[in-house]
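In terms of this note's numbering, the sequence shown opens at residue 10 and continues consecutively.
C-beta: ideal position from N, C-alpha, C; glycine also.
On a predicted model such as this, the values are computed, not experimentally measured, just so you know.
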Amino acid sequence: MALQYAGVQVEHREIELRNKPQSMLRLSPKGTVPVLCIDGLVLDQSIDIMQWALKASDPDGWSDLDESIAQAWIKKNDELFKSLLDQYKYPNRHSELDQAVVLADAMELLLKPMEVALGASKYLLGNKMTWVDVAIFPFIRQFMMVDQQRFAKLPLPHVQRWLRQHMESELFISVMDKHPAWRD
Ligand SMILES: N[C@@H](CCC(=O)N[C@@H](CS)C(=O)NCC(=O)O)C(=O)O
Numbered sequence: 010m011a012l013q014y015a016g017v018q019v020e021h022r023e024i025e026l027r028n029k030p031q032s033m034l035r036l037s038p039k040g041t042v043p044v045l046c047i048d049g050l051v052l053d054q055s056i057d058i059m060q061w062a063l064k065a066s067d068p069d070g071w072s073d074l075d076e077s078i079a080q081a082w083i084k085k086n087d088e089l090f091k092s093l094l095d096q097y098k099y100p101n102r103h104s105e106l107d108q109a110v111v112l113a114d115a116m117e118l119l120l121k122p123m124e125v126a127l128g129a130s131k132y133l134l135g136n137k138m139t140w141v142d143v144a145i146f147p148f149i150r151q152f153m154m155v156d157q158q159r160f161a162k163l164p165l166p167h168v169q170r171w172l173r174q175h176m177e178s179e180l181f182i183s184v185m186d187k188h189p190a191w192r193d
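Printed below as a string of structure tokens:
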């Protein structure tokens with residue numbers, strides 16, 4: 010989304026995670042997606058790719074924000090929420106865990122603080138969208154998609170409004186088309 014927003018043209022190579030092409034592993038042996046390779050520079054963390062794109066062009070000011078507040082949201086998401094999301098998505102891999110407890114933890118840790126923030130303003134950091142909204146909403150979308158009916162019943166009207174707005178945005182829809190897998 011950040012690349013599209015910044016108007017950066019890329020050659021999109023869809024990766025089959027079960028069959029990673031050697032050309033990708035040569036650039037980034039850790040073997041995760043996304044990877045951006047541009048003029049010999051290899052970026053293999055999505056947040057680095059976002060920051061790189063926004064440095065190239067940021068027409069609506071996604072980067073006009075308080076960096077310490079931004080980093081606090083990212084830390085909550087990356088360090089704690091992501092592992093709860095994994096437990097919530099794949100209960101079979103975590104049979105020792107009670108899914109209701111995982112959901113309660115996710116609520117306390119991230120979803121309720123987001124509800125408070127989004128009740129006070131349209132976006133996480135105020136009334137203007139920033140890169141933090143774009144970085145975090147795909148994780149909330151994944152969480153919602155595990156059980157859409159259950160998510161709809163949670164006391165999170167502002168999070169639900171925010172999520173819907175992002176999922177219905179032209180920008181999101183424009184980057185969600187399917188690509189055939191890349192073969193070397
Ligand atoms: N911190 C990395 C995480 C990337 C990551 O773990 N991506 C997953 C897919 S969402 C992946 O490529 N997993 C490797 C695999 O399943 O083999 C980033 O944000 O780019």
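Boundaries of the beta strand (DSSP E) in which Val-42 is found, first to last residue: Careful: Val-42 lies outside any beta strand (DSSP E) and carries neither H nor E.
Excluding the 5 residues flanking Pro-122 on each side, which residues of the same chain have their C-beta closer than 8 Å to its C-beta? Lys-85
So, helix, strand or coil for Glu-179, using DSSP? helix
Only counting the same chain, and skipping five residues up and downstream in sequence, which positions put a Cβ closer than 8 Å to that of Ser-183? Gln-13
Can you tell me whether DSSP reads Tyr-132 as helix, strand or coil? strand
Neighbourhood of Glu-25 by C-beta, 7 Å cutoff - its chain only, sequence neighbours within 5 removed: Ala-190
Whole angstroms is fine: what's the gap from Ala-161's alpha carbon to Leu-50's? 42 Å
According to DSSP, is Leu-6 part of a helix, a strand, or is it coil? Within the shown structure, residues of the chain are numbered from 10 to 193, placing residue 6 beyond reach of any answer.
Secondary structure at Glu-76, three-state DSSP: helix, strand or coil? helix
Verify whether the separation of the beta carbon atoms of Leu-133 and Ala-126 is less than 7 Å. yes
Does the Cβ-Cβ distance between Trp-140 and Met-59 come in under 7 Å? yes
If we ignore side chains and look at the alpha-carbon of each, how far apart do Trp-180 and Ala-109 end up? Going by the sequence as given, residue 180 is Leu instead of Trp. Each residue's Cα considered, the two are about 34 Å apart.
Got a sec: does ligand 1 put a non-hydrogen atom nearer than 6 Å to the Cβ of Val-143? no
Rounded to whole angstroms, what's the CA-CA distance from Ala-81 to Met-138? Just pull it up for me. 17 Å
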